[in-house]
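To start, the structure under review is shown below, and the notes come after it.
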Amino acid sequence: MSVSRRPVIAIDGPAGAGKSTVARIVADRLQLLYIDSGAMYRALTWKAILKEVSPDDQEGLERLAEDTKIQLINDPEADNRVFCDHQDVTSEIRGPEVSKQVSQVAKVPGVRKQMLRLQRGLGLQGGIVMDGRDIGSEVFPDADFKFFLTASPDKRVERRQLEQIEKGFQYNLEELKREMLERDQTDMQREMGPLVKVPDAIEIDTTDMTLDQVVRRVLEIVNGGEK
Ligand code: CDP
0 MSVSRRPVIA IDGPAGAGKS TVARIVADRL QLLYIDSGAM YRALTWKAIL KEVSPDDQEG
60 LERLAEDTKI QLINDPEADN RVFCDHQDVT SEIRGPEVSK QVSQVAKVPG VRKQMLRLQR
120 GLGLQGGIVM DGRDIGSEVF PDADFKFFLT ASPDKRVERR QLEQIEKGFQ YNLEELKREM
180 LERDQTDMQR EMGPLVKVPD AIEIDTTDMT LDQVVRRVLE IVNGGEK
């Protein structure tokens, strides 16, 4: 590794570009901690649905964010677990209801400020791979490595559909496409922390790449050209 301190690696991009799978494997290979920032927004959205706080109620959502304890637990044997107020919500937060509302919750400035604080705290010591939308731009603008993963909309929808089937959710392809593309629009257009490729991020178009190829590309860059 070319950096002496344990690195911070930021991986941003739209839904279904492969960020979380790549981030998890890269973190594992480099023995860094993987942090899924989207899971935090999803956990809060899950609670907002439970507590019937409307996605339009900005103050209510801000209060909810202040009163909610979100924890990500790294599990080397399985997928990382996500806890909301000590309840394991790992599976629940991936469902269609949360996916439909999460961008509305994530665009609330008071919610983002709260998450930013949490995420920066988790990366204070370095040694992390964090994926999301605003990691290279807002959360860790000084990250050692910044990647921006993209793929064609059709490919992204196709990947997400496979993932949903594996997780046991029933999804209509058209509905899934609409939800993902609407979410991208909301994420790109919000005022605070929009989805954007910062100039110092390395863009990787994963449309025609295998997972293994993407991981290898990221590792080559992080390891300074060696494998
Ligand atoms: O897995 P997928 O890429 O579909 O989404 P995710 O990473 O689980 O993030 C879900 C949603 O959370 C995104 O569509 C954004 O609205 C929001 N998010 C965000 O605003 N900022 C982040 N750093 C991460 C996620």
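FYI, the numbering for the sequence shown is 0 to 226, going by numbering that gives the first Met the number 0. For glycine and all other residues, C-beta sits at the position ideal for the given N, C-alpha and C.
{"Query": "Return the Cβ separation of W45 and E91 in integer angstroms, given the expectation that the two are a contact with Cβ distance under 8 Å.", "Result": "6 Å"}
{"Query": "Unbroken alpha helix (DSSP H) runs of length 4 or more, entirely within the segment 95-160: which are they?", "Result": "95-105, 108-121"}
{"Query": "In angstroms with no decimal places, state the Cα-to-Cα distance between L210 and R28.", "Result": "14 Å"}
{"Query": "Mapping DSSP to helix, strand and coil, what is V81?", "Result": "strand"}
{"Query": "Below 8 Å, how does it come out for the segment 16-24 and the segment 60-67: are there three or more Cβ pairs, yes or no?", "Result": "no"}
{"Query": "Count the C-beta pairs between the segment 86-102 and the segment 34-51 that are closer than 8 Å, then say yes if the count reaches three, no if not.", "Result": "yes"}
{"Query": "Sorry if obvious, but does the Cβ on R132 come closer than 6 Å to a heavy atom of the ligand CDP?", "Result": "yes"}
{"Query": "With a threshold of 16 other CB atoms inside 10 Å of the CB of M114, please say whether the residue is buried or exposed.", "Result": "buried"}
{"Query": "What residue range does the beta strand (DSSP E) around Q70 cover?", "Result": "69-72"}
{"Query": "Can you tell me whether D186 sits near the ligand HEM, meaning its C-beta is under 6 Å from at least one heavy atom of the ligand?", "Result": "Judged by which ligands are present, the ligand HEM is missing from the structure shown, whose ligands are the ligand CDP."}
{"Query": "Whole angstroms are fine: how far does the CA of T20 sit from the CA of I201?", "Result": "18 Å"}
{"Query": "Count the other C-beta atoms from every protein chain shown that fall within 10 angstroms of the C-beta of P108, then say buried if there are 16 or more, exposed otherwise.", "Result": "exposed"}
{"Query": "What ranges does the beta strand (DSSP E) occupy inside the segment 12-66, keeping only unbroken runs of at least 3 residues that lie completely in it?", "Result": "32-35"}
{"Query": "V11 to E51, Cα distance in whole Å?", "Result": "Checking the sequence shown, residue 11 turns out to be Asp, not Val. C-alpha separation (whole angstroms): 30 Å."}
{"Query": "Skipping 5 residues on each side, what residues in its chain have a beta carbon closer than 8 Å to that of L172?", "Result": "V156, Q160"}
{"Query": "With distances taken from CA atoms, which of F144, V110, G131, S136 is nearest G125?", "Result": "F144"}
{"Query": "In whole angstroms, what separates the C-alpha of M39 from that of K176?", "Result": "23 Å"}
{"Query": "Buried or exposed: where does E137 fall if 16 or more other Cβ atoms within 10 Å of its Cβ makes it buried?", "Result": "buried"}
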